[in-house]
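> Yeah, the sequence shown ends on 1213 if you go by my numbering, and it's all consecutive.
Don't be surprised by glycine CBs; every beta carbon is placed ideally from N, CA and C.
Quantities reported herein were computed from a predicted structural model and do not represent experimental measurements.
Sharing a structure with you now.
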Amino acid sequence: MDFNVGVFSEKSSILIDGGDRFGVSAIHWDLQEELLWVGNQGGHVTSYYGSSLHKYTSFQVHASQEVRQMISFDAGLLIVTPNTLRCQQRRGVPLFTYSSSTCEDLQCLLQTGPTTVLLGGHQPLVVEFDLVTAKETTKFDVGEKGCAILRRHPRFICSGDASGCVSLRDPRTLREEHKFVAHTESLSDFDVHNNLIVTCGFSSRQGGVVSDRFLKIYDVRMLRALSPVPVVGEPFLLRFLPAFSSQLAVISAMGQLQVLDAAAPASSALQLFQVNNEGAMCMALEVSSSCQCLAVGDAGGYVHTFASNASALFNSFSRPTEFADPVESLPVSIAMDDTTTPLTSIPFPLEHNSPLLSDWPEQFTRRRFRKVPPIDHAILSNMRMVGTIGYAPSPADHRPNQVAYSAEKRTQRGQKHSGTDSTHSKEDTECYQVWKRYRHIEMRYTKGGLDENELARYNSTPLCGLDNTLPYSYANSLLQVLYFIPELRHCLLEHSCNREFCLACELSFLFHMLDVGRNQDPTSTPVTVQPSNFLRAFRTLPEASAMGLLMAENHPEIKIKSTLPRLAQSWARFILQQLSSETLPQSKITKESTTITSNLVEFNGEGTENSIKPERDVSPSEDGLSPVSPISKLFGVEQEQISRCTKCGSENSKTSPVLLSSLTLQDVEDEHSFEHVLEKSFDVASVTPAWCEVCQKYQATQQRRRCLTLPPVLALSCANDTYKGFRFWSDQLQCFLDPELFDGSDLTEGASVQSGQGKPCRYGLECTRPNCKFGHGGQPLRHSASFTGISSNHWVPSQLRFKVQPEGGLVCLKPDQNQEGFLSYSLVAAVCWIDESKLDAKHHGKWHLVSTIQIPPGYLSSETSPEENNSSNWYVFNDFAVNPINPDEAISFFPDWKLPCLLFYSKNETTNCSILTDRPLSNPITADVFKEDKSLAQKSECLQRISFLPLATDEMPGNGDLVAMDAEFVTLNQEEAELRSDGKSTTVRPSQMSVARVTVIRGQGNMEGLPFIDDYIATQDQVVDYLTKFSGIQPGDLDVASSSKHLTTLKSTYLKLRFLVDNGVTFVGHGLKNDFRVINLLVPSNQVIDTVHLFHLPHQRMISLRFLAWHFLNLKIQSVTHDSVEDARTALRLYRRYQELKAKGDEFFNESLQELYNVGRRLQWMVPGMDEE
41 MDFNVGVFSE KSSILIDGGD RFGVSAIHWD LQEELLWVGN QGGHVTSYYG
91 SSLHKYTSFQ VHASQEVRQM ISFDAGLLIV TPNTLRCQQR RGVPLFTYSS
141 STCEDLQCLL QTGPTTVLLG GHQPLVVEFD LVTAKETTKF DVGEKGCAIL
191 RRHPRFICSG DASGCVSLRD PRTLREEHKF VAHTESLSDF DVHNNLIVTC
241 GFSSRQGGVV SDRFLKIYDV RMLRALSPVP VVGEPFLLRF LPAFSSQLAV
291 ISAMGQLQVL DAAAPASSAL QLFQVNNEGA MCMALEVSSS CQCLAVGDAG
341 GYVHTFASNA SALFNSFSRP TEFADPVESL PVSIAMDDTT TPLTSIPFPL
391 EHNSPLLSDW PEQFTRRRFR KVPPIDHAIL SNMRMVGTIG YAPSPADHRP
441 NQVAYSAEKR TQRGQKHSGT DSTHSKEDTE CYQVWKRYRH IEMRYTKGGL
491 DENELARYNS TPLCGLDNTL PYSYANSLLQ VLYFIPELRH CLLEHSCNRE
541 FCLACELSFL FHMLDVGRNQ DPTSTPVTVQ PSNFLRAFRT LPEASAMGLL
591 MAENHPEIKI KSTLPRLAQS WARFILQQLS SETLPQSKIT KESTTITSNL
641 VEFNGEGTEN SIKPERDVSP SEDGLSPVSP ISKLFGVEQE QISRCTKCGS
691 ENSKTSPVLL SSLTLQDVED EHSFEHVLEK SFDVASVTPA WCEVCQKYQA
741 TQQRRRCLTL PPVLALSCAN DTYKGFRFWS DQLQCFLDPE LFDGSDLTEG
791 ASVQSGQGKP CRYGLECTRP NCKFGHGGQP LRHSASFTGI SSNHWVPSQL
841 RFKVQPEGGL VCLKPDQNQE GFLSYSLVAA VCWIDESKLD AKHHGKWHLV
891 STIQIPPGYL SSETSPEENN SSNWYVFNDF AVNPINPDEA ISFFPDWKLP
941 CLLFYSKNET TNCSILTDRP LSNPITADVF KEDKSLAQKS ECLQRISFLP
991 LATDEMPGNG DLVAMDAEFV TLNQEEAELR SDGKSTTVRP SQMSVARVTV
1041 IRGQGNMEGL PFIDDYIATQ DQVVDYLTKF SGIQPGDLDV ASSSKHLTTL
1091 KSTYLKLRFL VDNGVTFVGH GLKNDFRVIN LLVPSNQVID TVHLFHLPHQ
1141 RMISLRFLAW HFLNLKIQSV THDSVEDART ALRLYRRYQE LKAKGDEFFN
1191 ESLQELYNVG RRLQWMVPGM DEE
């Protein structure tokens, strides 16, 4: 609309459907498409498309009642009649019709959210209605006068009643906040824009009711009336023009349309139009969202449109409107050279006698039948004739009642490998399926952080999952395996040292959190632990970077198929060697750390060493002592390596422990048993160029490596990190898979295998019916106790029996051998590589790791439900998702989507004894952690600025003692979010925080309120945002060279907090859940008192510490920045205030809470005298 010219032009006047009998009662400009909706008094709705107003749809919504209001939303149109709410698609298809006893006399409709609307009318109740469920959600009592008109304001819901009053209501509760009388008799119409409310209506004068010739204007921000605005005619309807701040269109009942400026009526030019209504009363007025079109409906059944230009648009950005497919017309003629038009487009008579141009000569139309394939010679040679019928046994390579077709490509699981990786061909995706519990899951985040209800869907067990949003979270599956090895867990929980970045210490802290998490209340939400401190120490080690282990999930090489298995096997080899080095006595640590990198890789997947050096490697046993590292005793396979020069015959040997043994894979074309591969892997012979001390040059050397002793836990690398290794595993597994499982059917108990099942099951892969006769498109995703959907033939055995020969090497038990002298090992864990790349396009290049673990005795309590505590104790750990599985499923591997990377076998003597109960754990964290409290800051003045008093020996807090705590943080990485199609933002990866300051104060005694810990945490990571306004941390406070604070390491402060937790100390604070999460410390819920939950009503907002301190303590805190000492003291005082209120009774406490929320809503949760500034 060109308001610079100030002229409207009448575009058209259209008689709507049914307009000869009923007048127009409602008009609505569609907010999503170029449509104008018109409803009449007979319950009929008609829509018109575009500026030319071509009829689009027309339908009846009610037999007799008038249409009172319409609004459009994404899915269609909402129509209100006096007793019903109708939802209709724009194409005219009805979605639902709703009516109830609360819909007595509906008048108005207001959309409050994407799926919620308010229904009001001449009735005391306003109903909140959910469009998704088509049900009433809430009912609000607004008084007997009801709501005749509803309008939306950013702060209020504005409602007008028939008595001439306008009320400003709370959007959440619809409680009346403000009210003013606009007209003394009745309200005709009003509209809201920004902070202005303009009304028109009727007043009482000289004993009669007359129309007010003035528009009443109210300022919502100041809550006062402005000067009324006079108009030319008697105002009956009005609408703001949304593209302009204060201009509005006003129309009288007789059709006088005036455009004026409500803010400056005297300075605006007169713009007056007369609607061609031929004396009919104007009943409806609407303005399009683009402000280029106006529409007026009259009682004569006509709708009149005004536009600013010939090509006016209804919306600035409209989506395309869906039209019916046009009927294709027959071509008039077809050219002789036209090769695109099909001849079948010309209709042809069914009966004809004349020859056709398409008739072929008879010699080219003779019938030819497919030749019968020759009968197999094996069948003919064994055939027995009975009369004219021959009988022969079915050959072994033929299935009954099936004929094999010769084709270049066979089915996916039965195909042979060619020169390319045929397991990823597009033709095979139809039968490709990854079981649901093995698929990669992304965490969902809400405003409050992780969605705990969402996490509970994926873990219904008492065991803890691990967060997968951190960098290098591919190690989660291996961390779970290490935790469930009882000997390793017992060893690390008793380990403690003074090194800042010690993986053994960090694993000890992580295992302690997993212990606390699984010992929580069984009815509470499952705990998901973040290994952030462990991964922080891991990325600081130079050995991890040298081995290429610091690879994030978005690294380009992670898209390569072989990268993830190689990463998992290298990480396992690195962590075992690192733990072995860190758990040695101090005298051996220095010596061992110099050779850790060279000893990490003993041999690759082919069984040959990566390099042979002239000088011998130093082994832990060269000094004449056996290895004393408990990790070497637990995982170390003692191997002897013999080198013999082929020229001079000189021979030397050395013995060294290998923590992770790698399988030596044979020729990929041959079929071998797992036991055969294992024997060859522990007795490897090869010829390699190496340095000869006698010849003093490189010579061809015969190398032989054989094992001498076996450890309690045998860790095996599957060596499928290369293409050849992947091919080997695929072929071996293919031979052991039951072919009946891969014909597209779902094997369940009591069901026979059928090659072609008919209709698909309505439950799909979620079906659990035992005798379902429908197709399921793959293996089942769930199983019951009688689950038989997995083959009983497994290439990887669950039990191994072997012994070490006197001369070295391994011999596995044969079926006819005596078991005497053979060691028995059981599979206890497997780290598996999962391939989701062929599910669909969005999973392309998606691979991840999961672990299947048999939980040892003692990890699951006796209170666990029978369903969770299954007899096999096998579970699959997929980051934070934990599910029980069948033992057969644990050792079932598939060549197309599930391959093992690491296998862990435990000696049965070790498995049967519970080391958890043999000897009680000794806690290595003692009160000495408070004694060695030295600042790392290099400035000398920091020694005089210590802001805390350390604990004395006689005041160490014990079980049940109170301390108050607060922590401040800085940001290392910003939050990653994506914008959805509906315009809302979704958190993909949260911001990574790092603890910067931790303060703990005394909670009782004579020195209550005095801090005994006030540590600033030094960090080597790059800080993106210091959050100074909220943390009080200044740039330089965490720098060792420039800080003047009491600067310590994270580990030093962590040990102090762990000591308090282990002693049973109770922590008081505000928002402690987030503090402990960033610190990476899991505290039992009975040791935490959080004031954010003490002063909280159910289903209401959380209240800030600042507002609680002002309301209950009359304190004004956090005036400039946050101070952790001040916040901790305030939280302690709030807890004391809570105890005082509780002592007066629960009723008094609840009244105090209700008063707190009432005051907060009135002040909009701002502290007077502080937030206003």
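Are Val299 and Gln311 touching if we call contact CB-CB under 8 Å?
A contact, by the Cβ cut-off of 8 Å.
> By the DSSP assignment, the alpha helix (DSSP H) with His417 in it spans what residues?
From DSSP, the alpha helix (DSSP H) with His417 extends over His417 to Ser421.
> In whole angstroms, what is the alpha-carbon distance linking Pro211 and Asp301?
Spanning the two alpha carbons is a distance of roughly 29 Å.
> Among the residues of its own chain, which have a CB less than 7 Å from the CB of Ala1036, if the five just before and after it don't count?
The answer, listed in chain order, is Glu1008, Phe1009, Val1010, Tyr1056, Ile1057, Ser1071, Ile1073 and Leu1078.
> Could you tell me whether the stretch 843-853 touches the stretch 716-727, using the rule of 3 or more Cβ pairs below 8 Å?
Yes: the two stretches touch, three or more of their Cβ pairs being nearer than 8 Å.
> In this structure, does DSSP put Leu773 in helix, strand or coil?
The answer is helix: DSSP assigns Leu773 an H, G or I state.
> Could you name each continuous beta strand (DSSP E) segment of 3 residues or more that falls completely within the stretch 188-215, going from the start of the chain to the end?
Runs of the beta strand (DSSP E) inside the stretch 188-215: 189-192, 197-200 and 205-209.
> So the beta strand (DSSP E) Pro531 belongs to, where does it begin and stop?
Sequence inspection shows Cys at residue 531; the Pro mentioned does not correspond to that position. Note, Cys531: premise wrong, no beta strand (DSSP E); alpha helix (DSSP H) at Pro526 to Leu533.
> Return the chain-ordered list of same chain residues with a C-beta closer than 8 Å to the C-beta of Leu581, the five sequence neighbours on each side being excluded.
Taken in chain order, the residues that qualify are Phe541, Leu543 and Gln618.
> Closer than 8 Å by C-beta to Asp60: which residues in its own chain qualify, once you throw out the five before and the five after it? Chain order, please.
The answer, listed in chain order, is Gly341.
> If I'm right that Val272 touches Phe254 with Cβ under 8 Å, what's the distance once you round it to whole angstroms?
With a Cβ gap of about 12 Å, Val272 and Phe254 do not count as contacting.
> As a quick exercise: from Ser373, Asp378, Asp399 and Tyr763, pick the residue whose alpha carbon is nearest that of Pro387.
For Pro387, the nearest C-alpha among the options comes from Ser373.
> Using DSSP bridges, identify the partner residues of Ser683.
In the DSSP output, where bridge partners are listed per residue, Ser683 has Asn692 and Gln743.
> Which residues mark the beginning and the end of the beta strand (DSSP E) in which Tyr258 is found?
Residues Phe254 to Asp259.
> Going by DSSP in three states, Leu1078 sits in which element: helix, strand or coil?
Three-state DSSP puts Leu1078 in coil, outside helix and strand.
> Is Phe551 helix, strand or coil by DSSP?
Residue state, collapsed to three classes: helix.
> If you draw a straight line from the C-alpha of Cys941 to the C-alpha of Ala608, how long is it?
The alpha-carbon atoms of Cys941 and Ala608 are separated by roughly 7 Å.
> Is DSSP giving Trp475 helix, strand or coil here?
Reduced to three states, the DSSP call for Trp475 is coil.
> Between the beta-carbon of Ser1084 and the beta-carbon of Ala977, is there less than 8 Å?
Contact: yes.
> In three-state terms, what does DSSP make of Arg424?
Note: Arg424 maps to strand in three-state DSSP.
> Does the Cβ of Ser564 have 16 or more other Cβ atoms within 10 Å, making it buried, or fewer, making it exposed?
It counts as exposed.
> Near Gly1200, what residues of its chain come up, given a Cβ to Cβ distance below 7 Å and the 5 sequence neighbours on each side ignored?
Within the same chain, Gly1200 has close Cβ partners Ile1143 and Phe1147.
> Please classify Asn1126 as buried or exposed, where buried requires at least 16 other C-beta atoms within 10 Å of its C-beta.
With fewer than 16 Cβ atoms within 10 Å of its Cβ, Asn1126 is classed as exposed.
> Could you name the residues that DSSP lists as bridge partners for Val290?
BP columns for Val290 point to Leu278 and Gln298.
> On the criterion of 16 or more Cβ atoms from any shown chain inside 10 Å, does Phe578 qualify as buried, or is it exposed?
Answer is buried; the Cβ neighbour count reaches 16.
> When the Cα atoms are used, what is the spatial distance from Ser52 to His480?
Rounded to whole angstroms, Ser52 to His480 spans 59 Å at the Cα level.
> Quick one: residues in its chain with C-beta nearer than 7 Å to the C-beta of Val249, no 5 flanking neighbours on either side, listed in chain order?
So the qualifying residues of the chain are Glu225 and Phe242.
> Measuring straight from C-alpha to C-alpha, what distance separates Thr1089 and Thr1059?
Their backbone Cα atoms lie some 8 Å apart in a straight line.
> Spatial neighbours of Gln1032 within its chain, please: CB distance less than 6 Å, with the 5 preceding and 5 following residues excluded, ordered by chain position.
Excluding sequence neighbours, Gln1032 sits near Leu1012 and Asn1013.
> Compute the distance between the beta-carbons of Glu860 and Cys775, then report whether it is under 8 Å.
Result no, Cβ atoms of Glu860 and Cys775 do not sit closer than 8 Å.
> What number of angstroms, rounded off, separates the C-alpha of Glu74 from the C-alpha of Ala347?
C-alpha separation (whole angstroms): 14 Å.
> Out of curiosity, what's the CA-to-CA distance linking Val1207 and Gly160?
For Val1207 and Gly160, the distance between alpha carbons rounds to 36 Å.
> Taking DSSP as the reference, what is the three-state secondary structure of Glu929?
Helix at Glu929.
> How about Glu671 and Leu616: are their beta carbons less than 8 Å apart?
This sequence places Ile at residue 671; Glu is not what is there. Yes.
> Could you tell me the alpha carbon to alpha carbon distance between Cys688 and Asn926, rounded to whole angstroms?
About 57 Å.
> Run through the stretch 1106-1151 for me and flag every whole beta strand (DSSP E) of 3 or more residues, listed as ranges in chain order.
List check, beta strand (DSSP E) in window: 1106-1109 and 1128-1130.
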